[in-house]
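Chemist:
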Amino acid sequence: MISWRTALLPPVMAIVFAMTLSSVALVISGANPFEAFSTMGAQLFQGTTAVDTVNLAVVYYFAGLAVAIGFQMNLFNIGVEGQYRFAAVIAAIVGAAMELPPVLHVLVILAVAMLSGAAYALLPAILKVTRGVSEVITTIMLNSIVFGIVAYLISADQFGVPRGNNISTAEIPETGWIPGIPMGAAGTLFGSVVIALALGGGYWFLLNRTRFGFELQASGESPTAATAGGVSAKRMTMIAMLLSGAVAGLIAMPELLGRDHVYAMTATQGYGFTGIAVALLGRNHPVGVAFGALLWAFLDKSAVSLETIGVPREIATIIQGTIVLSVVVAYEIVKRAELAAEQRRVGRQTRNGMPASVSQGGAV
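Printed below as a string of structure tokens:
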């Protein structure tokens, strides 16, 4: 069982270390760390920053969950970046070409996005299962290929529509939009936040309350032991990759269906790579991933305020980078401390002649 120390200490240690290192960088550059951090915090309450932060966090949350599903199976799905971009352009093209009733139209677009994301993850999954090819290599290669696919599909000769100096897919009809949640002067919250909450709850239930979730985690911990217990590690690898790709297909949906309604050549990139950091920070737990997504979005949105006091906004990037580097180290430190404490406890019980199972409150 994971203790509160194992769950909470690593991310807290990582954040504290990142803030400390960033403070050193600020002092060296001649800036006041307290002024910089207070300015970033105050920015959260300016205009629509708070709502914009939550909206961006919803996107990061989808990305974090997509990566976390792969991590549960010890799969490093770096291809989330390519999977979500492929899914976004396909969903935008299909959504713009259809005329359906409001709710049905949205559901079809979401289904197309998930199927497209899973389809783009299928090749790495097949190569991993049948040939043992590292998913890291294949997904990185597919990330590069997706740029050409998107450029081809949004070209004027295919499905592209010129919009000033930009080119994008045709606009999705209003029946395919996800209505926002008005927050008054603070802005409009993406309606996709409801989908994110439902997906997070479903992810938790799947892992902790179903046989499939147990087999998935068991296969990730030890494929050999899982196979000996009657679980097909190869089948779980295939399913995990496809599920990861399907969730990755939802990453661009909050912006596509809640704000832009088109997918353009200049659409924001990099969400898939951010998802890796968010999943690490949240330790693959749906609640932890949510906090990681909010923290990352806050740093992104508040960084612009640093320029008002003469501090480079790149300080936020330093914070993010040090969090990623330190979170892995922090987890390892806490894990080893917990293991050492457990060994000492068992050693004391053994010296006292008392079985560990009895001391834990159970009869032998």
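Residue numbers (this note's numbering): 193 to 556.
Even for Gly, the Cβ is constructed at its ideal location relative to N, Cα and C.
Quick caveat, the model's predicted, so the values are computed rather than measured.
Which term fits E366, buried or exposed, when burial requires 16 or more other beta carbons within 10 angstroms of its beta carbon?
Modeler: exposed
Chemist: Suppose contacts are defined by Cβ-Cβ distances below 8 Å. Is R277 in contact with V208 by that definition?
Modeler: no
Chemist: For A258 versus S436, is the C-beta spacing smaller than 8 Å?
Modeler: Yes, they are a contact pair.
Chemist: Quick one, are the C-beta atoms of G474 and G467 less than 8 Å apart?
Modeler: no
Chemist: By how many angstroms is the C-alpha of V423 removed from the C-alpha of T361?
Modeler: 44 Å
Chemist: What number of angstroms, rounded off, separates the C-alpha of G271 from the C-alpha of G256?
Modeler: The alpha-carbon atoms of G271 and G256 are separated by roughly 13 Å.
Chemist: Can you name, in chain order, every residue of its own chain whose Cβ lies under 7 Å from the Cβ of A348, other than the five neighbours on each side?
Modeler: P354, I359
Chemist: Does the separation of the CB atoms of L263 and N400 fall below 8 Å?
Modeler: Contrary to the premise, residue 263 reads as Phe rather than Leu in this sequence. Going by C-beta atoms, F263 is not nearer than 8 Å to N400.
Chemist: For H453, I'd like the list of residues in its chain whose CB is within less than 6 Å of its CB, leaving aside the five on either flank, ordered along the chain.
Modeler: Excluding sequence neighbours, H453 sits near E363, I364.
Chemist: Starting from the Cα of V328, find the closest Cα among L381, V386, S214, N266 and give me that residue.
Modeler: N266
Chemist: Ignore the nearest five residues each way along the sequence and tell me which others in A288's own chain have a CB closer than 7 Å to its CB.
Modeler: Within the same chain, and ignoring the five residues on either side of A288 in sequence, the residues whose Cβ sits closer than 7 Å to its Cβ are T361, A362, E363, I364.
Chemist: Quick one, are the C-beta atoms of M306 and L491 less than 8 Å apart?
Modeler: no
Chemist: In the segment 289 to 328, which residue ranges form an unbroken alpha helix (DSSP H) of at least 4 residues, counting only runs that do not cross its ends?
Modeler: 294 to 323
Chemist: Do L531 and I301 have their beta-carbon atoms positioned less than 8 Å apart in this structure?
Modeler: no
Chemist: How would you write the range of the alpha helix (DSSP H) that P225 sits in, first residue to last?
Modeler: Per DSSP, P225 is one residue of the alpha helix (DSSP H) stretching across 225 to 235.
Chemist: Using DSSP's beta-bridge definition, name the partner residues of P374.
Modeler: T380
Chemist: Suppose the cutoff is 7 Å on Cβ atoms and the five residues either side in sequence are ignored; what does the same chain contact list for T240 look like?
Modeler: Cβ-Cβ distances below 7 Å link T240 to A378, G379 in the same chain, with the five nearest sequence neighbours on each side left out; the list follows chain order.
Chemist: If we count the other Cβ atoms within 10 Å of its Cβ and call it buried at 16 or more, is Y344 buried or exposed?
Modeler: The residue in question, Y344, is exposed, as its Cβ has fewer than 16 Cβ neighbours within 10 Å.
Chemist: Does DSSP put I359 in a helix, in a strand, or in coil?
Modeler: Strand at I359.
Chemist: Just list the alpha helix (DSSP H) runs in the segment 454 to 524, keeping only unbroken ones of 4 residues or longer that don't cross its boundaries, in chain order.
Modeler: 463 to 474, 478 to 494
Chemist: Let me confirm a value: L374 is counted as buried when at least 16 other C-beta atoms fall within 10 Å, else exposed. Which label applies?
Modeler: First, the residue type needs correcting, since residue 374 is Pro and not Leu in the sequence shown. Exposed is the call here.
Chemist: Look up V216 in the DSSP assignment and say whether it is helix, strand or coil.
Modeler: Looking at V216 - three-state DSSP - the assignment turns out to be helix.
Chemist: Relative to the alpha-carbon of A471, which residue among T509, I515, P504, S215 has its alpha-carbon at the smallest distance?
Modeler: Minimum Cα distance to A471 is reached at I515.
Chemist: On the DSSP letters alone, give me the boundaries of the alpha helix (DSSP H) that M265 sits inside.
Modeler: Run containing M265: none; DSSP gives neither H nor E here.
Chemist: Tell me whether the segment 424 to 432 and the segment 310 to 329 touch, counting them as touching only if at least three CB pairs, one residue from each stretch, are closer than 8 Å.
Modeler: Three or more beta-carbon pairs separated by less than 8 Å link the segment 424 to 432 to the segment 310 to 329, which places the two stretches in contact.
Chemist: Taking 8 Å as the cut-off, does the segment 238 to 253 touch the segment 376 to 395 (at least 3 CB pairs, one atom from each stretch)?
Modeler: yes
Chemist: What do you get for E273, buried or exposed, if any count of 16 or more other CB atoms within 10 angstroms of its CB means buried?
Modeler: buried
Chemist: What residue range does the alpha helix (DSSP H) around F351 cover?
Modeler: Annotation: F351 is outside any alpha helix (DSSP H) and is labelled neither H nor E by DSSP.
Chemist: Quick test of your reading: V526 and P202, contact by CB under 8 Å. State the CB separation rounded to the nearest angstrom.
Modeler: 5 Å
Chemist: What runs of the alpha helix (DSSP H), each 4 residues or longer, lie entirely inside the segment 380 to 417?
Modeler: 384 to 401, 403 to 413
Chemist: Would you kindly report the start and end of the unbroken alpha helix (DSSP H) that includes A425?
Modeler: 425 to 440
Chemist: Could you round the C-beta distance between S494 and M232 to whole angstroms and report it? I think they count as a contact, below 8 Å.
Modeler: Cβ-Cβ separation between S494 and M232: approximately 4 Å, consistent with a contact (criterion under 8 Å).
Chemist: Mapping the DSSP letters down to three states, classify T176 as helix, strand or coil.
Modeler: Residue 176 lies beyond the range of the chain shown here (193 to 556); nothing can be said about it.
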